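Each residue of the sequence shown is one higher than the one before, starting from 1 at the first, in full-length UniProt numbering. C-beta: ideal position from N, C-alpha, C; glycine also. Note that the coordinates shown come from a computational prediction; the quantities given were computed from them, not determined experimentally.
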Amino acid sequence: MTLQVRVDLTLGVPPYEQIRSQIAGHVGAGNLHPGDRLPTVRDLAADLGVAVGTVARAYRELEQSGLVQTRRRLGTVVADGAGRGAADETLQRSAAALVRAARAEGLSDDAVLDLVRGTLMAPGPTRATGP
C-alpha cells in the first residue's frame with residue numbers, strides 16, 4: 001500500500017499532528033499492518049513539503065503511543081500488536097457506514113471530518129472523560 005498522507009497548512013492543526021493522526025488512522029483502519037514499513041522521515045518530509053523535524057516528531061509520538069517502532073536497518077515499522085481488535089472492527093464498520101451516508105448526502109471528506117470533530121468537542125454524553 002502506498003501511504004496516503006496529506007498536510008493542509010491552512011488548518012489550525014499542526015502539520016506533525018496531521019501526519020500522526022492520519023498514520024494512526026491507517027493503522028486503526030487496517031490499511032497498515034504490523035511489520036509494514038513507513039517511508040523514511042526524509043522521504044515523507046520531501047513528499048509532503050514539510051520539514052524533516054515535523055515528520056520526525058509525528059513518528060516519535062506514534063512510537064511513544066506504541067503504534068510504530070524504529071528498528072535498526074528496517075526503519076520505522078508498524079508495531080506488533082498495533083491494529084484492530086473485535087471492538088475496533090465494529091467501530092470501523094460504523095465509521096465506514098458514516099462515510100457512505102455522508103457521501104450519499106453529498107458531503108465532502110472535509111465536511112465529514114468537521115462533523116466528527118464537532119461531535120467530539122460537543123459537551124454531554126458523547127464527550128470522552130479520559131483514562
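So, for residue i: in the same chain, excluding its five sequence neighbours on each side, which residues have a beta-carbon less than 7 angstroms away from its beta-carbon?
| i | result |
| --- | --- |
| Ala79 | Pro34, Gly66, Leu67, Val68, Gln69 |
| Thr40 | Gly75 |
| Val13 | none |
On the DSSP bridge assignment, give the partners of residue i in chain order.
| i | result |
| --- | --- |
| Gly75 | Arg71 |
Whole-angstrom Cβ separation of residue i and residue j, contact assumed at under 8 angstroms?
| i | j | result |
| --- | --- | --- |
| Leu3 | Leu48 | The pair is not a contact, with the Cβ atoms about 11 angstroms apart (cut-off 8 angstroms). |
| Val52 | Arg42 | 6 angstroms |
| Val50 | Val116 | In fact, because the Cβ distance is near 24 angstroms, the residues do not count as touching under 8 angstroms. |
| Ala24 | Leu62 | 7 angstroms |
| Thr54 | Ala45 | 7 angstroms |
Is it buried or exposed, residue i, if we count other Cβ atoms within 10 angstroms and call 16 or more buried?
| i | result |
| --- | --- |
| Pro15 | buried |
| Arg20 | buried |
| Val5 | buried |
| Gly130 | Low confidence applies here, because Gly130 scores a pLDDT of 48, under 50, leaving its location unreliable and the question unanswered by this model. |
| Val27 | buried |
| Ala82 | buried |
| Ala104 | exposed |
| Gln18 | buried |
| Leu32 | buried |
| Asp114 | exposed |
Return the chain-ordered list of same chain residues with a C-beta closer than 8 angstroms to the C-beta of residue i, the five sequence neighbours on each side being excluded.
| i | result |
| --- | --- |
| Leu9 | Pro15 |
| Leu11 | Gln18 |
| Gln92 | Gly28, Ala29, Gly30, Arg84 |
Only counting the same chain, and skipping five residues up and downstream in sequence, which positions put a Cβ closer than 6 angstroms to that of residue i?
| i | result |
| --- | --- |
| Thr76 | Leu38, Tyr59, Val68, Thr70 |
| Ala102 | Val112 |
Which parts of the UniProt domain "HTH gntR-type" (13–81) are runs of the beta strand (DSSP E), unbroken and 3 residues or longer, counting only runs that do not cross its ends? 68–71, 75–78
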